[in-house]
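If you want my numbering, it's the 1-based position in the sequence shown plus 174.
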Amino acid sequence: MGTSAIVKINNKFTGKFEVQTGVKQGDPVSATLFSIAMDSILKKMELRGNISTRLRQCTAYADDILITARTTVQ
């Protein structure tokens, strides 16, 4: 039996799609792979400053992540 997923972007959900590669949540390897991937992502995000001055914030724990970004209003 295959695994399927739905992604939420801007409070809207994508259609269901089949996940064909990767490791399942809870697999002992998932935490290590998550840490390796997050290290690269966080470096590319260039998170600097403090919580009130950052345009991007990232919260990550175990194998879950939330990235929040804002833009200035013109």
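Virtual Cβ for every residue (Gly too), placed ideally from N, Cα, C.
- The continuous beta strand (DSSP E) containing V193 extends over residues F191 to V193.
- The Cβ atoms of A179 and F191 lie closer than 8 angstroms to each other.
- By the criterion of a C-beta distance shorter than 7 angstroms, K182 is surrounded by no residue of its chain, once the five residues flanking it on both sides are discounted.
- Going by DSSP, T188 is part of no beta strand (DSSP E) at all; its letter is neither H nor E.
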